[in-house]
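Right, one structure below, let's go through it.
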Amino acid sequence: MVTGFSLPIIAPLGPEIFLAVIGCAVILADIIWREQRYVVPIVAMAGATATVIMVLKASGVSFSGMYTVDAFSAFFKIVCLLGLMLAILMSLRHLDIMGVKRVGEYYSLMVFSCVGMMIMASATDLIVLYLGLELMALSVYCLVGLLKTDPRASEAAVKYLLLGAFASCLLLFGMSYLYGTTGTTDMSQISKAMAQGKLTDNPAFMMGLGLVVIAFCFKIAAAPFHMWTPDAYEGAMTPVTAFMSVGPKAAGFAALGRVLMEAFPNAHSDWMTVLVILAFLTMAIGNITALCQTSIKRMLAYSSIAHAGYALIGFLPGTAEGASATMNYLFIYLFMNMGAFAVIILLQYKGLVGEALEDYKGLAKTHPVAAALMLVFMFSLTGIPPTAGFIGKFNLFMAALHAGYTWIVIFAVLFSAISAYFYLRVIMLMYMYEPEKEMKLAPSGALSAVLAIALTGVILLGCYPNGILSYASKAIMGH
Amino acid sequence: MDYGFPILSSLIFLPMIGAAALLFIPRSNEDDVRRMALLITIVEFLLSLPLWFQFDKSSHLMQFVEKHPWIPAWNVNYYLGIDGISILFVLLSTLITILCVLVSWTAITDKVKEFFAALLFLEGAMIGVFCSLDFFLFYIFWEAMLIPMYLIIGVWGGPGRLYAAIKFFLYTLVGSVLMLVGIITLYYQGGHTFDILKLSANAYPLKLQMILFWAFFAAFAVKVPMWPVHTWLPDAHTEAPAAGSVILAGILIKMGAYGFLRFSMPMFPQATQAMMVPMLILSIIAIVYGAVICLGQDDMKRLIAYSSVSHMGFVTLGMFALNYQGLEGAILQMVNHGVVTGALFLSVGIIYEQTHTREISDYGGLATLTPIFAGFFMVFTLAAVGLPGLNGFIGEFLIILGGFATKTWAGFFAATGIIIGAGYMLWLYQRVFFMEKNPKMVALGLRDLNCRELITLLPMLLLIFWIGIYPNVFLSYMHASVVHLLQQVHASTGSVQANTNAIVECALRFVGG
Chain A
312 MVTGFSLPII
322 APLGPEIFLA
332 VIGCAVILAD
342 IIWREQRYVV
352 PIVAMAGATA
362 TVIMVLKASG
372 VSFSGMYTVD
382 AFSAFFKIVC
392 LLGLMLAILM
402 SLRHLDIMGV
412 KRVGEYYSLM
422 VFSCVGMMIM
432 ASATDLIVLY
442 LGLELMALSV
452 YCLVGLLKTD
462 PRASEAAVKY
472 LLLGAFASCL
482 LLFGMSYLYG
492 TTGTTDMSQI
502 SKAMAQGKLT
512 DNPAFMMGLG
522 LVVIAFCFKI
532 AAAPFHMWTP
542 DAYEGAMTPV
552 TAFMSVGPKA
562 AGFAALGRVL
572 MEAFPNAHSD
582 WMTVLVILAF
592 LTMAIGNITA
602 LCQTSIKRML
612 AYSSIAHAGY
622 ALIGFLPGTA
632 EGASATMNYL
642 FIYLFMNMGA
652 FAVIILLQYK
662 GLVGEALEDY
672 KGLAKTHPVA
682 AALMLVFMFS
692 LTGIPPTAGF
702 IGKFNLFMAA
712 LHAGYTWIVI
722 FAVLFSAISA
732 YFYLRVIMLM
742 YMYEPEKEMK
752 LAPSGALSAV
762 LAIALTGVIL
772 LGCYPNGILS
782 YASKAIMGH
Chain B
22 MDYGFPILSS
32 LIFLPMIGAA
42 ALLFIPRSNE
52 DDVRRMALLI
62 TIVEFLLSLP
72 LWFQFDKSSH
82 LMQFVEKHPW
92 IPAWNVNYYL
102 GIDGISILFV
112 LLSTLITILC
122 VLVSWTAITD
132 KVKEFFAALL
142 FLEGAMIGVF
152 CSLDFFLFYI
162 FWEAMLIPMY
172 LIIGVWGGPG
182 RLYAAIKFFL
192 YTLVGSVLML
202 VGIITLYYQG
212 GHTFDILKLS
222 ANAYPLKLQM
232 ILFWAFFAAF
242 AVKVPMWPVH
252 TWLPDAHTEA
262 PAAGSVILAG
272 ILIKMGAYGF
282 LRFSMPMFPQ
292 ATQAMMVPML
302 ILSIIAIVYG
312 AVICLGQDDM
322 KRLIAYSSVS
332 HMGFVTLGMF
342 ALNYQGLEGA
352 ILQMVNHGVV
362 TGALFLSVGI
372 IYEQTHTREI
382 SDYGGLATLT
392 PIFAGFFMVF
402 TLAAVGLPGL
412 NGFIGEFLII
422 LGGFATKTWA
432 GFFAATGIII
442 GAGYMLWLYQ
452 RVFFMEKNPK
462 MVALGLRDLN
472 CRELITLLPM
482 LLLIFWIGIY
492 PNVFLSYMHA
502 SVVHLLQQVH
512 ASTGSVQANT
522 NAIVECALRF
532 VGG
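Note that the protein sequences, when read in sequence, are chains A and B. Sequential numbering from 312 applies to the first sequence in the numbering used here. Sequential numbering from 22 applies to the second sequence in the numbering used here.
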């Protein structure tokens, strides 16, 4: 228990507190400099950058073990923060095009949701985890529905809110079972309680475990709990979609990984079986449903479901090697997916243009550079070398095969071969058809920066992955 | 052997850098793009010549080796080297790419610089496949090749190109990903290394060998292509532009056979021996089935594509005969097939540029309209048929010899393939070049070969005669490597000494005579 309040106790929370302050500063900046629209994003960007530096330096455990800042959490926090930064850069011009007036609430919601993600990544107590999750989720619900006049966005937000709230209920419900059977919400205490009493035979405890896993599967959009994803992804503004596909997903994986490895290592054989089935279903439903989409945002939504399935494979063995493979995968996914969304935003010079797959016909002729960038990101999402997507998948398969999960890997490679069809369809439309209607671009310096970062990430991590591999494994070993 | 200059790396990256450089040439200067591409491929070819001259034929060891750590976390090295088998394919690749640039000179008018960039990138990746001694590196090149090839078929291909391109990509990808699972399994079973030479030196339990043999089979059989996974090939060959068909026929489908030689046979020798009969049967089905299908084709490129299925059946038959003659014949036949079928596709590409039809019934009487072209095509046809004195004969002869030595029925059925082969090729020649002059062709006012086209076809013609008359130049490169390979395959069965002696004796006879 906390006996006295002193600064060192909150020191590990420094980055989160700072970022929350930045979130407030963004709102203030919006009020003060209402005319200068670029002040707000600059504040948010600068704040996020500073937070990255703080995250790299912060460490320690505080609040009696409820909050752990280690390399594992730092890795996920950096993924979320990079996602935030890229999303801010993508939004600058796009918000003007979409006619969003109050940019303050947009950027502050993004920043606050990122604070939530960071808390999730560090939480070692179920209650803290829940706080972080709700902070993240509520902010993202609002972000999805920010275009109040767009019925699609409202529909998406309501759906997302209802299903998300349902998932939160399940999580709380599961936690109550866990508390009831173990008498604690602290993850390491739960693990100890499990080791002492034979809790895996206790149906109430297993129910709690199951409900918690399901709740996280909602957040990472694993099938069959993925139903909200396509609608929410399609209805939200594209930068929000891009942000959602990376940030909340990474945070969900961080929390899931932490809960499984820290609280339930002794029930590995139980949750592993469930996870195998979930991973299989997620890859199958994601990849197969993506085949018949006509909107690129919906297609990428299903693709993100499929990628959650791949990433889940890393958690199956319950080993450090596997967890670090999942971390790498999410890091790599950040670049390729953000890149793909950035190209979509580049094409959205007005309204809904650039969302239909048809709009990509003949893009290679009219805008060769945009098409070439999309080509790289699509091949990377398919997992074709020499792009980073291949390294990510290879790493996952290495870890899973090392632990003997041969069949799920075979299914994963076959599903990724299936996925080639819908990723290549984008390339086919761009390169092998004649342009049908005039497409304009909405370029901006910030968007070019996003594209350059994503491209560099995809190529560099594809050709020289050693840095990220050793960093992630160090992070997990330290943990 | 150490060779100061990183020649293999240069061969891989020169075309890739060249491809990137092409993209910076302004779109309006299409001729500059073509000249630049030609220059790069010629420099590349000249750069590959030292391999030919400096290669130590007496050694089966890897030569021109380069090894640098790349991803220490997985023990992956940037590890290159060539032996007597791969050197031939490296040289073939550098030569054929020049011809591909030449044949595309006027045929490609749309997105010119993208085309040549894709072609050059493909060249680099192909050479990378043949030079890699690290599985991870190999797989990178192997898959990276798909990207430019997919684009070449899909963007610059014929009317059915979209279907053909995606079919090619998916077939190859499904096979490759299964091999990927096999590669990772091998990594863990073989002592946490991707080093191909180290992995080949290990002995694996038979059950594992069988599983991995089939995992690798999935990738290589699709690439070869063996019956029944050959169905992508007629579509891809037919719809690809001339240069794409030539690369596919000349190099890409050799990689499947090369994969069997480099990986399956030395790494899984017992499985290879156990699977010999099924493989021979699949080869024979490919030979006969491919040949019979050819008789029913009315599209020139499709006919040549199916003849590839048949000819590659010979190659796999020779390989899985698992004896010296069969193996050398198979390797030589791979080169031959690359030259002959490459030449046939070049020829079809050249004439297609004028006629814009591939239907055999649209042709007729071309021997009087384009006599020089007809002469070239005659030689290529006869080489494909296997006329003694031309290259096709040597390879097929050795393969059938090997087939008879192992299983009599294998040799017998393979020989029937040659007979049907003579039938469909000569019949094709008859329908296109003899018979009545087709009014459509007369109306087109066909011109004979121009200087560029002549230069495109001439090297192939020379190679056909050279290999046909004096094959020992080529065979001498592979002797040591083939002997070593057979030792690896047969070492596991116990009769090491007897086999080795017989092989060495045989080899000496070959070198001597």
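A virtual CB, placed ideally from N, CA and C, is assigned to each residue, including glycine. This structure is a prediction, so every number in the text was calculated from the model and none was measured.
Inset, instruction - Round the Cβ separation of A/His713 and B/Tyr209 to the nearest angstrom and send it over; I've been treating them as touching at under 8 Å. - result: 6 Å
Legend entry - chain B within 9 Å of A/Lys676, Cβ atoms only: yes
Legend entry - Contacts of A/Tyr795 in chain B (Cβ-Cβ under 7 Å): Residue 795 of chain A cannot be examined here, being either before or after the span of chain A that is shown, 312 to 790.
Inset, instruction - List the residues of chain A that B/Phe190 touches, going by C-beta distances under 7 Å, in chain order. - result: Taking the beta carbon of B/Phe190 as reference, the chain A residues within 7 Å of it are Ala731, Leu735, listed in sequence order.
Legend entry - Enclosing alpha helix (DSSP H) for B/Leu301 [first to last residue]: 297-316
Legend entry - Where the alpha helix (DSSP H) containing A/Ser499 begins and where it ends: 498-507
Inset, instruction - For chain A, find out if any of its Cβ atoms is closer than 9 Å to the Cβ of B/Ala186; answer yes or no. - result: yes
Inset, instruction - Would you tell me roughly how many angstroms separate the C-alpha atoms of B/Lys428 and B/Ala342, rounded to the nearest one? - result: Computed Cα separation, rounded: 8 Å.
Legend entry - Close beta carbons around B/Ile63, own chain, < 7 Å, minus the five adjacent residues each side: Ile119
Inset, instruction - Look at the Cβ atom of B/Leu470, then the Cβ atom of B/Val400, and state whether they are nearer than 9 Å. - result: no
Inset, instruction - Note down the Cα distance separating A/Ala590 from A/Asp581, rounded to an integer number of angstroms. - result: 15 Å
Legend entry - Residue nearest to A/Phe383 in terms of C-alpha spacing, selected from A/Val337, A/Ala565, A/Cys528: A/Ala565
Inset, instruction - For the segment 680-700 of chain A and the segment 61-80 of chain B, state whether three or more C-beta atom pairs, one from each stretch, are separated by less than 8 Å. - result: Short answer: they don't touch.
Inset, instruction - Any chance you could list the alpha helix (DSSP H) runs of at least 4 consecutive residues sitting entirely within the segment 380-427 of chain B, in chain order? - result: 387-390, 392-406, 412-427, all fully within the segment 380-427 of chain B.
Inset, instruction - Would you decide whether B/Ile274 is buried or exposed? Buried here means 16 or more other CB atoms lie within 10 Å of its CB. - result: By the 10 Å Cβ count, B/Ile274 comes out buried.
Legend entry - Whether A/Met638 touches A/Ala786 by CB criterion (9 Å): yes
Inset, instruction - Label B/Met200 either buried or exposed according to how many other C-beta atoms from any shown protein chain fall within 10 Å of its C-beta, with 16 as the threshold for buried. - result: By the 10 Å Cβ count, B/Met200 comes out buried.
Inset, instruction - Using a Cβ cut-off of 7 Å, pull out every chain B residue sitting near A/Ile721, in sequence order please. - result: Val202
Inset, instruction - Consult DSSP for A/Arg373 and reduce its assignment to one of helix, strand or coil. - result: The sequence shown places Ser at residue 373 of chain A, not Arg. A/Ser373: strand per DSSP, three-state reduction.
Legend entry - DSSP three-state assignment for A/Asn577, whether helix, strand or coil: helix
Inset, instruction - Starting from B/Phe85, trace the beta strand (DSSP E) both ways and give me its first and last residue. - result: 84-92
Inset, instruction - Spatial neighbours of A/Gly773 within its chain, please: CB distance less than 8 Å, with the 5 preceding and 5 following residues excluded, ordered by chain position. - result: Ser691, Pro696, Pro697, Thr698, Ala699, Gly700, Phe701, Ile702
Inset, instruction - Would you verify that the beta carbon of B/Leu227 is, or is not, closer than 9 Å to some beta carbon of chain A? - result: no
Legend entry - Partners in chain A for B/Glu164, counting only beta-carbon separations shorter than 8 Å: Ile695, Pro696, Phe701
Legend entry - Minimum Cβ-Cβ distance from B/Trp235 to chain A less than 9 Å: no
Legend entry - Contact set between A/Val587 and chain B, taken where Cβ atoms lie within less than 8 Å: The contacting residues do not exist; A/Val587 stays about 16 Å from chain B at best.
Inset, instruction - Pull up the CB-CB distance for B/Pro169 and B/Leu207, whole angstroms please, since I reckon it's below 8 Å. - result: The Cβ separation is near 28 Å, so there is no contact.
Inset, instruction - Reducing DSSP to helix, strand and coil, say where B/Ala519 ends up. - result: With a pLDDT of 46 at B/Ala519, under the threshold of 50, the modelled position of that residue is not reliable, and the figure given next carries that caveat. B/Ala519: helix per DSSP, three-state reduction.
Inset, instruction - Would you decide whether B/Asn98 is buried or exposed? Buried here means 16 or more other CB atoms lie within 10 Å of its CB. - result: buried
Inset, instruction - Give the secondary structure of A/Tyr296 by DSSP, where H, G and I count as helix, E and B as strand, and everything else as coil. - result: This structure cannot settle anything about residue 296 of chain A, because the visible part of chain A is limited to 312 through 790.
Legend entry - C-beta atoms of A/Ser556 and A/Ala622 nearer than 9 Å: no
Legend entry - Status (buried if at least 16 other CB within 10 Å, exposed otherwise) for B/Met288: buried
Inset, instruction - To the nearest angstrom, report how far apart A/His790 and B/Glu164 are at their CA atoms. - result: For A/His790, the predicted model reports a pLDDT of 47, less than 50, meaning its position is unreliable; a value from the coordinates is still stated below. Approximately 35 Å, taken between the alpha carbons.
Inset, instruction - Specify, as a first and last residue, the run of the alpha helix (DSSP H) that A/Gly715 falls within. - result: Where A/Gly715 is concerned, there is no enclosing alpha helix (DSSP H), given that its DSSP letter is neither H nor E.
Legend entry - Cβ of B/Glu65 within 9 Å of any chain A Cβ: With 9 Å as the cut-off, B/Glu65 does not count as an interface residue toward chain A.
Inset, instruction - Let me know the alpha helix (DSSP H) ranges lying completely inside the segment 406-459 of chain A, each 4 residues or longer, listed in chain order. - result: 414-433, 437-455
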